[in-house]
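Remarks on the structure that follows.
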Amino acid sequence: MSGWLHTLPLAWMALVVFGATYIVAFILHQGIAALSAGSTARSFKALSPGMLPPLGIIFGLFVAFTAAQVWSDSDHANAAVNREASALRSVVILASSFPGEPEARLRTLVRSYIEETTSQEWPLMAESAATLTIIPPALNEALRTTLALTPNNPGQEIAQREITRWLEDAFEARRQRILVSSAQVNPTKWACLILQAFCALLAIAVVHSDNRMASAIALGSFATGVAASVLLILAHDRPFTGEIAVSPQPLLQVMPEAKAGGGE
Numbered sequence: 506m507s508g509w510l511h512t513l514p515l516a517w518m519a520l521v522v523f524g525a526t527y528i529v530a531f532i533l534h535q536g537i538a539a540l541s542a543g544s545t546a547r548s549f550k551a552l553s554p555g556m557l558p559p560l561g562i563i564f565g566l567f568v569a570f571t572a573a574q575v576w577s578d579s580d581h582a583n584a585a586v587n588r589e590a591s592a593l594r595s596v597v598i599l600a601s602s603f604p605g606e607p608e609a610r611l612r613t614l615v616r617s618y619i620e621e622t623t624s625q626e627w628p629l630m631a632e633s634a635a636t637l638t639i640i641p642p643a644l645n646e647a648l649r650t651t652l653a654l655t656p657n658n659p660g661q662e663i664a665q666r667e668i669t670r671w672l673e674d675a676f677e678a679r680r681q682r683i684l685v686s687s688a689q690v691n692p693t694k695w696a697c698l699i700l701q702a703f704c705a706l707l708a709i710a711v712v713h714s715d716n717r718m719a720s721a722i723a724l725g726s727f728a729t730g731v732a733a734s735v736l737l738i739l740a741h742d743r744p745f746t747g748e749i750a751v752s753p754q755p756l757l758q759v760m761p762e763a764k765a766g767g768g769e
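So this is what it looks like as structure tokens:
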């Protein structure tokens, strides 16, 4: 599915999807109606209405199969962001075990990482262009700073180990976040879904070819269901793209004074 559709506001996305679906349904309605006035009318009447339920069921299965992937990707994206925010919050809390310059240094690095993530990585993830080739310097420096600390008591030793563990957890959560940012429904699934919807609309138009009003009502009803299904999947297809994309707000809540970038 074209990338420009994913970046549209939800209202415009709905207008494009519903408009395109209704246009196709209208063309089928008019085309079949014109053909049914000729010698093909007998062939159209020979088509059994019993084929409509199987076509509808197959379309429903295609929708469920595609939507399952979309919901899973969205859940993984939210989980990765929440996990990353939780890890960074733990680092900030445990940093107080090293009062003075070490605590201030760790807090500054965490804030810098959050600002860099929201201002640079989030727009890249929205374009499915973020990669793991670049290690975030602020997070890397925070890990090095933690490992260089000299604990003065058992409590600080435990805090140092825990900060290291949480920083590693933040690295892993970031990796999962970037990987899922490139997830989307592949063109083959979209093609099969749209083709099945077209076949069902065509069958409805042919079966009701002898009654134009019934054909219009049936086509309009099914076209509405098709458009609603496509819109629902399309709006959630890319977890970090679009009006209802995953927000960096959990990360910003870790350090409220951090400046939000272009990711909101």
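Numbering (my numbering), first residue to last: 506 to 769.
For glycine and all other residues, C-beta sits at the position ideal for the given N, C-alpha and C.
Asked	Found
In terms of residues, what are the limits of the alpha helix (DSSP H) holding S577?	557 to 599
Hey, out of P554, A519, R612, whose CA is closest to V759's CA?	R612
Please state the DSSP three-state secondary structure of G508.	helix
Taking 8 Å as the cut-off, decide whether the C-beta atoms of A710 and M556 are in contact.	no
What number of angstroms, rounded off, separates the C-alpha of V751 from the C-alpha of L706?	34 Å
With L629 as the anchor, note down where its alpha helix (DSSP H) starts and where it stops.	627 to 631
What residue ranges within the segment 649 to 713 form continuous beta strand (DSSP E) runs of no fewer than 3 residues, ordered along the chain?	none
Since R731 is in the alpha helix (DSSP H), which residue starts that stretch and which ends it?	Checking the displayed sequence, the identity of residue 731 turns out to be Val instead of Arg. Residues 717 to 741.
Short of 7 Å in beta carbon distance, which residues of its chain neighbour V712, apart from the five on each side in sequence? Order them along the chain.	L552, P554, L557
Between the Cα of T526 and those of Q754, S714, A702, spot the shortest distance and give me the residue it belongs to.	A702
As a quick exercise: from A609, L698, A635, pick the residue whose alpha carbon is nearest that of E621.	A635
What would DSSP say about S620, mapped onto helix, strand or coil?	As written in the sequence, residue 620 is Glu, which differs from the Ser given in the question. Note: E620 maps to helix in three-state DSSP.
Going by CA-CA distance only, name the one from F531, A585, L698 that's closest to R682.	A585
Do the segment 593 to 600 and the segment 625 to 639 touch if we need at least three Cβ pairs shorter than 8 Å?	no
Thinking C-beta only, is A740 closer than 8 Å to M773?	Any question about residue 773 goes unanswered here, given that the chain covers just 506 to 769.
My guess is that T571 and V690 are in contact by the Cβ rule of under 8 Å, so how many angstroms apart are they, rounded?	6 Å
Between the Cα of R717 and those of T512, A539, G660, spot the shortest distance and give me the residue it belongs to.	A539
Just the C-alpha distance for L533 and A546, rounded to the nearest angstrom, thanks.	15 Å
Going by the beta-carbon positions, is the gap between A569 and L724 smaller than 8 Å?	no
Can you tell me which of A643, D674, V522, G660 puts its alpha carbon nearest to the alpha carbon of L737?	V522
Comparing C-alpha positions only, which one of P604, W671, C704 sits nearest to T655?	P604
What's the C-alpha gap between R679 and S548?	59 Å
Closest to N587 by CA distance: which of D674, A647, S541 is it?	D674
Relative to the alpha-carbon of W695, which residue among P744, V731, T669 has its alpha-carbon at the smallest distance?	V731
Let's test the definition: count the other Cβ atoms within 10 Å of the Cβ of Q665 and tell me whether it reaches 16, buried, or not, exposed.	buried
Below 7 Å CB to CB, which residues in the same chain sit around I563 once its five sequence neighbours on both sides are set aside?	Q701
Assign E748 to one of three DSSP states: helix, strand, or coil.	coil
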